[in-house]
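Working notes, beginning with the structure itself.
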Amino acid sequence: MAPAPAWAAPTSGESAPTQVAQAEQALAFDIAAQPLRQALLDFGTQSGLQVAFAAGIGEGLMAQPVRGRHTPAEALRLLLGGSGLSFEFTDGRTVTVTEPVQGAADTMILNPLLVEAESDQILVQDGYVPLAGRIGSKTDTPLIKVPQAVSVVTERQLDDREPQTLNEVLEYVPGVNTTNFGFNPRYDTFVVRGVDGTYNGVFRDGLRQFQGSTAVYTSEPYGMEGVAVLKGPSSTLYGATSAGGFANVMTKRPTKDPLYEIEGIVGSHDRLQGNVDVSDAVTEDGSLRYRATAVLRDAETEMPGVPDDRQYIAPALTWEPSEDTRVTVLGSYLHTLQGGANTYYNANNTATDIPNPHPDHNEFDREQYRVGWEIDHRINDTFTVRQNARYSQIDIDLTWSVLTNPATASYFGGRVLEESDAFVIDNHVETRFETGALSHTVLTGIDYGITDRFQQQGMGVLPIATPKFTMNPASDVEQSQELTGVYMQDQMAAGPWLFVLGGRYDWLDAETVSAGGAPVEHDASEFSWRTGISYVTDFGLVPYANYTTSFTPNVGTVVGGDPAKPTTAEQVELGVKYEFPDRNALLTAAVYQIDQTDGVVWDAATGVNRMVQQDLRSRGVEIELVASLAEGLDVTASYAYNDLEIVEGATGTDGNTRSGSPHHMASVYADYTVQSGAAAGLAAGAGVRYQSESWGNDANTFKNDPRYFVDANLRYDLGQLSPQLQGAEWKLHVDNLLDQDSTTCTDGYCYRDPGRTFLTSVRYRF
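If you're matching positions, the sequence shown starts at 1116 in this note's numbering and goes up one per residue.
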């Protein structure tokens, strides 16, 4: 697989004479002295040109500052001055940066280091290190210049660790806790900066997912190009989001170079899985390209009678009629068959080794569909318009049961039928211009989402002889929501100073109809805003500060029957980002405080399926390092401190620490590939994840013990054995290598952590 370039800026599709004329047109530049690779990213953004250079080029070099009006060629010549690098315009809109290499006769020749992007990605990444993307601004902005904490799990990390769930994808992200519910393959359940992200913390390709109460969309890691986590309230650009932040899952897109990959996997609990990923051009000129990704899995789990079966297929098509216009259509189908309940019998504030569910009444059958499009059109050097849209549908049939008395084998259970469909669309215009000493990138947009949901559920005591439950609905609910938001953001630059100011207004219209009841209308509206400031030094250090707010409307009722109030939050964050000038490494650190009002949580003391609202204060520190320290060696390491206080909650909990919230979390993962010698092609990776003790309930009457987990993997390039095996690779992955047998409790309920699991596979790329 060819490495992706460090930058691919918007390009033009005019005729050759016009392109040359544009390449020679004088433009305004404001590029500070900084690490060379970062300066090339700025050049691509400010010129509108596609700049292609290989991963690792210019490491340790500093760029010269470029300010004022210059042609792109003049600006690039100034920027590269003294670096020894050269450049060449392959057409009027594309420039290739090259470095000199020594020829056989000691003559200097230019070595073109251009490698085309693997796909039309909206995340620019170099190994483990993220460089640029749209997550923090909805514009192509270097992440070091986004005045907000962003963590990214790159495609290389996904490839090395081969996670099987989104929770496993996020295990090494600072400030993200994925272990609150132990063994639970059903849902993507995680916490960011102490705040739950299950329902409002997962976006797909920049668009929110409307989740039901049990009809919750899930993600297939093999279909991802990367995952970016934007920390803190982020409603200004994205609308309803979790106050702690959200994870944006980026779907695989058609590649510019042919890609053919098949993989067979076997593993613990009779796991059999096949993966397929193919991409190629449809037309001879490559303007129309396709990709198809598929997963087929038949597997059991550590809990008797609980499967983990999956069928996934995701077709994609990209049409690029000109270098100014790109249209991508993304689709997917996912069917999963798992357990309706995955818990163990609780006793004495712990989870025993007795499975809770009855094996004959424990099934979670889910089908979900998605189809959508992304349109990106560059009108000229000033205006770019984009539209992202998606229709989705999910249907679930869930039967569950819990053991109420092990001595008499008594069970209580139920069944939930839920279906939901949704349409979301985001339209925005990006405008670039100058006012005096300030350069502006203004984003103006409107997004809209609508969803309809229908749910039936019933419950009761299961007959011991024939534990089958016939649906007798205890509730029958139809619900519709419409959410509209308008927003504007201005990214301003004046020399080394960067400023962001944005605002948004949201409207919610919702209606809930219960069987036999009158319709309940629910309307809400709110203004959200953000501001941030950064200072770009000439040695790679970027300190920043931000203030952000969020608004998340809630539909439904809480304990006592009152309508749930909207959740609002605000954050103050101070941080620093440092891009090492002499190596491919990024170090970030942040200190923050989030104040959330009327957050919705489940309270064990209130009975089954009842919500309460809490005011929370989350204070913390996060430090993260991602790096390629030497050829073949990649590292990600992090530490997070979080103090999550219940400011106002259930009776007796005010001032307590929220349950399942450790004060300290730390992780490190290192991966090394032998480059030469007899062991060339052998790779090994290992990671350690640690959590300090935490409270098991909000009343703070008992604690969870500290926990740590060790993960490891081995890989070998089979092409080292024989040329006939070129493109084949063997892998072995082990999660929880030491088989830590621990339990954790959240909201008074206790869960068992998953035990040690093995996966081994052979992958062939051709």
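Positions of the beta carbon are idealized from the N, C-alpha and C atoms, including for glycine.
On a predicted model such as this, the values are computed, not experimentally measured, just so you know.
Using three-state DSSP, classify residue i as helix, strand or coil.
i: Ala1679; result: coil
i: Tyr1659; result: strand
i: Asn1282; result: helix
i: Val1877; result: strand
i: Asp1274; result: helix
i: Ile1172; result: coil
i: Glu1189; result: helix
i: Phe1569; result: strand
i: Thr1652; result: coil
i: Leu1836; result: coil
i: Ser1447; result: strand
i: Lys1253; result: coil
i: Phe1817; result: coil
i: Leu1432; result: strand
i: Ala1625; result: strand
i: Ile1494; result: coil
i: Ala1147; result: coil
i: Arg1867; result: strand
i: Phe1695; result: coil
i: Leu1852; result: coil
i: Tyr1353; result: helix
i: Leu1142; result: strand
i: Ser1590; result: strand
Can you give me the C-alpha to C-alpha distance between residue i and residue j, rounded to a whole angstrom?
i: Gln1240; j: Thr1408; result: 21 Å
i: Ala1103; j: Asp1653; result: Coverage of the chain is limited to positions 1116 through 1881, which leaves residue 1103 absent and any answer about it impossible.
i: Ser1198; j: Ala1799; result: 35 Å
i: Phe1527; j: Gln1572; result: 14 Å
i: Pro1913; j: Thr1514; result: A query on residue 1913 cannot be resolved here, the shown segment of the chain reaching from 1116 to 1881 and no further.
i: Leu1748; j: Met1574; result: 54 Å
i: Glu1545; j: Met1603; result: 10 Å
i: Val1344; j: Asn1363; result: 6 Å
i: Cys1860; j: Pro1300; result: 17 Å
i: Ala1705; j: Val1736; result: 6 Å
i: Asp1769; j: Val1517; result: 31 Å
i: Arg1568; j: Glu1534; result: 6 Å
i: Asn1461; j: Tyr1866; result: 8 Å
i: Asn1463; j: Ile1172; result: 59 Å
i: Asp1605; j: Arg1645; result: 10 Å
i: Leu1613; j: Tyr1287; result: 30 Å
i: Phe1887; j: Asn1282; result: Outside the shown range of the chain (1116 to 1881) lies residue 1887, about which nothing can therefore be said.
i: Leu1681; j: Asp1311; result: Before going on, a small fix: residue 1681 reads as Pro here, not Leu. Distance between the alpha carbons of Pro1681 and Asp1311 is about 15 Å.
i: Pro1156; j: Ala1745; result: The sequence shown places Leu at residue 1156, not Pro. Approximately 23 Å between the Cα atoms of the pair.
i: Asp1713; j: Ala1431; result: 40 Å
Closer than 6 Å by C-beta to residue i: which residues in its own chain qualify, once you throw out the five before and the five after it? Chain order, please.
i: Ser1525; result: Thr1519
i: Thr1872; result: Ser1383 and Asp1850
i: Ala1429; result: Gly1338, Thr1408 and Ser1447
i: Arg1386; result: Ala1414
i: Ser1733; result: Arg1308, Gly1309, Ile1709 and Leu1759
i: Met1780; result: Ala1755 and Gln1806
i: Glu1641; result: Asp1621 and Phe1666
i: Glu1478; result: Gly1455 and Thr1514
i: Phe1420; result: For the record, residue 1420 in the displayed sequence is Gly; it is not Phe. Closer than 6 Å at the Cβ level, and outside the excluded window around Gly1420, lie Pro1474.
i: Gln1217; result: Because the pLDDT of Gln1217 is 44, which lies under 50, any placement of that residue in the model is unreliable, and the question is left without a value.
i: Arg1404; result: Pro1369, Ala1396 and Thr1433
i: Phe1325; result: Ala1537 and Thr1566
i: Ser1629; result: Val1592
Just to confirm my understanding: we take residue i, look at its own chain, exclude 5 residues before and 5 after, and list those with CB closer than 7 Å. What are they?
i: Arg1773; result: Gly1309, Leu1731, Leu1759, Ile1761 and Asp1813
i: Ile1250; result: Val1265, Ala1343, Leu1345 and Asn1363
i: Phe1144; result: Gln1161, Val1181, Arg1182, Gly1183, His1185 and Ala1190
i: Pro1678; result: His1637 and Thr1672
i: Pro1245; result: Leu1238, Leu1258, Val1267 and Thr1269
i: Gly1248; result: Ile1237, Leu1238, Val1239, Leu1258 and Ala1343
i: Ser1876; result: Glu1378, Gly1379, Ile1380 and Lys1846
i: Ser1402; result: Trp1434, Glu1435 and Pro1436
Return the Cβ separation of residue i and residue j in integer angstroms, given the expectation that the two are a contact with Cβ distance under 8 Å.
i: Val1210; j: Leu1164; result: 6 Å
i: Leu1452; j: Asp1480; result: 6 Å
i: Arg1804; j: Ser1837; result: Between Ser1837 and Arg1804 the Cβ distance is about 38 Å, and since that is not below 8 Å, they are no contact.
i: Thr1663; j: Gln1686; result: 5 Å
Among residues of its own chain, excluding the 5 on either side of residue i, which ones have a beta-carbon nearer than 8 Å to its beta-carbon?
i: Tyr1650; result: Pro1611, Trp1612, Leu1613, Val1657, Pro1658 and Tyr1659
| query | Does the count of Cβ pairs from the segment 1680 to 1692 and the segment 1651 to 1658 closer than 8 Å reach three? | reply | Because the criterion of three Cβ pairs below 8 Å is met, the segment 1680 to 1692 and the segment 1651 to 1658 touch.
| message | I'd like to know if the segment 1243 to 1254 and the segment 1848 to 1868 are in contact, where contact means that at least 3 CB-CB pairs between them fall below 8 Å. | response | As far as the Cβ criterion goes, the segment 1243 to 1254 does not touch the segment 1848 to 1868, which means the pair count is below three.
| task | Kindly confirm or deny that the segment 1480 to 1491 and the segment 1589 to 1596 touch, where touching means at least three C-beta pairs closer than 8 Å. | result | Below 8 Å, too few C-beta pairs join the segment 1480 to 1491 and the segment 1589 to 1596 to call them touching: fewer than three.
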